Amino acid sequence: MIIPVRCFSCGKVIGDKWNTYLELLSKDMSEGDALDELQLKRYCCRRMVLTHVDLIEKLLHYNPMERTKDKAAAAAASAPNY
Numbered sequence: 001m002i003i004p005v006r007c008f009s010c011g012k013v014i015g016d017k018w019n020t021y022l023e024l025l026s027k028d029m030s031e032g033d034a035l036d037e038l039q040l041k042r043y044c045c046r047r048m049v050l051t052h053v054d055l056i057e058k059l060l061h062y063n064p065m066e067r068t069k070d071k072a073a074a075a076a077a078s079a080p081n082y
């Protein structure tokens, strides 16, 4: 979802390195070289960055309140008028 602020194993701050990591990857740098450039030497920290799945942008497209409003409007439209 959101990149963790700290490594779960050693506690090193890694949350501030995510955007730089993505920029390095967009410049056709390999994952290992990008992690070396970011000074992520421990395998636990490297794991945190390599295995992160950035889902926040996809989740922001779904607003549960919109679905609730749509259901309420549909229910009101189909309700019989007495």
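Letter 32 of the sequence shown, counting from 1, is numbered 32 in full-length UniProt numbering, and no numbers are missing.
From the three backbone atoms N, C-alpha and C, an ideal C-beta is built for every residue, glycine too.
Model, not experiment: these values are computed from the prediction.
For residue j and residue i, the rounded distance between their alpha carbons
i	j	result
D28	A77	54 Å
G32	R47	11 Å
L40	D54	19 Å
residue 83	T51	Residue 83 falls outside the range modelled here, since the chain spans only 1 to 82, and no answer is possible.
residue 87	L35	Since the first residue shown for the chain is 1 and the last is 82, residue 87 is missing from the structure and cannot be characterised.
N63	E57	12 Å
M65	R42	42 Å
H61	L22	21 Å
Own chain, CB closer than 7 Å to residue i, minus 5 neighbours either side, in chain order
i	result
T20	L38
Sub-8 Å separation of residue i and residue j beta-carbons
i	j	result
K12	V49	no
Per-residue DSSP class, three states only, for residue i
i	result
V5	coil
V53	coil
Spatial neighbours of residue i in its chain, beta-carbon cut-off 8 Å, leaving aside the 5 residues before and after
i	result
G15	I3, P4, V5 and R6
Terminal residues of the alpha helix (DSSP H) in which residue i lies
i	result
I56	I56 to L59
G32	E31 to E37
L24	W18 to S26
Beta-carbon contacts of residue i that lie in its chain and below 6 Å, excluding the five residues immediately before and after
i	result
C44	C7, S9 and C10
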